[in-house]
Every structure is written in C-alpha cells, then in structure tokens.
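Final position of the sequence shown in this note's numbering is 191; the numbers increase by one with none missing. Every residue gets a Cβ at the ideal spot worked out from N, C-alpha and C, and that includes glycine. See structure below.
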Amino acid sequence: MKHILFFILCSNLLIAQKNPATIFFKNGTSQEGYVFGDTSWELRFSKELKGKKTKYQFEELDSLHITENNQLVSYHIHKYRFGKNQKKTKNLKYTKVQLIVDGPVQLYIQSLNYNTPTTTQFTRYPNGHINQKTVFLADYSQYSLFVKKPNEEKLFWLATPQAGLARNFKKASLEYFQDCPALVSKLESNEFKRKTAPQMIQFYNNNCQ
C-alpha cells in the first residue's frame, strides 16, 4: 500500500497508441472497441481496430475500462476544478480519474499529459545579424489527488506535487477533514503525508463516520 500511488502513476504514464476499451455513457449504454493515443483530455474511439474514429468528450461519459500494459484499469468521470476555493461550482470541467480507495470518502488519482508546442527563439547580435532557432519544448506529465464524498457534486482537489500548480496536501487535508478531530491531530503531527494518502483515507473511513 505504501507505494501504490507511485505504481499507479507509472502505469498510467505508459500509454500505448491503441488500447482495448469499453466506454459507458451517461444514458446507460456502452460500446466496446479501442481508444487511440493519449486519453488525458478526450477519447478517440473506434469499434474496430482500423475503423472510423469518433471523438468523445468526458461530459458524455460515465466511466470507462481501458486495458493498459496488459491490465484492465477502470476510470470514473467526475467534475473538478483547480483553485484554492474548492467551494466554487462555476467553470467546472470533467476529468477521468482512477479510484484508489473506496468508501464513504473516495480517493482518486488524475494523470494528465501535456504536449507543449515548438517555439522559435531569436537572438540579435551587435552587428545586426539575427539568428533564428526552433526549440522543441519537452512534453511533461502531471498527477493530482482528489477526494469525494457520495453527496458531493465534484471532486475536492487534495494535492498536486508539480511546481507551477502545487497544492499543499496538509493544508487541503485539514480543510476537507475538519469534521474529524482525530485525523486533524494526525495531520498536524505529520503522521499522514501525500505519499500515505491512501492510509489517511482509510483511517477516516474507519474512524470518522
């Protein structure tokens, strides 16, 4: 359990170009086929391996099962938003997240891949000459942790470790779990940290209901 987040993160980032999948729609229907390429933001789906591909947005879907690295992985589709004020319900987006811990409080992990474009850099020299160079920016991946209770409309953003969109795990956890003094005490003493988030959620589900 200690290394479960690291294992799931590594598995999610090893995305094949085409994967067998079953997609489940909000209207209760489903389709079996294949998804193609990265699925961070939308799905390119076909019933046949070489068939016509259809793009689906996450708001059309309820959940999906994808075979990744020879393992069947189940994803849920939920609303979410980044931002310090997690009570806001405007400008929500949909995302696919993998369930890590089930119970009264559910823990999810979200993995996103960002494909950054190329850019052109210009260097001006004292003699007036201008040198032009195309720079290929590296792609990067980001993962975040979210939690949700059954009666909540959207996911609560718990943590993102990457710089630039960092989310303080301890501060967010103290806000979300303020109804459980025993867990608050453990957070304040640093007994639970981001890497032990699954154990923290299990503690809440077992002791704070």
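Lys136 is positioned such that its CB atom lies no closer than 8 Å to that of Tyr90. Of the candidates Ser22, Asn9 and Pro2, Ser22 places its Cα closest to the Cα of Ser126. Here Ile183 has Val83, Val87 and Leu89 as same chain residues with Cβ atoms under 6 Å from its own Cβ, once five neighbours each way along the sequence are excluded. The beta carbons of Ile48 and Phe27 sit about 10 Å from each other, so the pair does not count as a contact at 8 Å. As DSSP reads the structure, Trp139 sits in a beta bridge with Phe128. Within the segment 44 to 88, complete beta strand (DSSP E) segments of at least 3 residues are found at 53 to 62 and 75 to 83, given in chain order. Between the alpha carbons of Asp44 and Glu134 lies a distance of about 16 Å. About 16 Å separates the Cβ atoms of Tyr38 and Lys61, ruling out a contact at the 8 Å cut-off. Distance between Lys78 and His58, taken at the CA atoms: about 6 Å. Assigned with DSSP and collapsed to three states, Gln92 falls in strand. Annotation: Asn150 to Gly65 spans about 12 Å, alpha carbon to alpha carbon. Only exposed fits Ala148, as fewer than 16 other CB atoms lie within 10 angstroms of its CB. For the set Lys8, Asn73 and Asn1, the Cα lying nearest the Cα of Glu41 is the one of Lys8. Here Leu54 is exposed, its C-beta having fewer than 16 other C-beta atoms within 10 Å.
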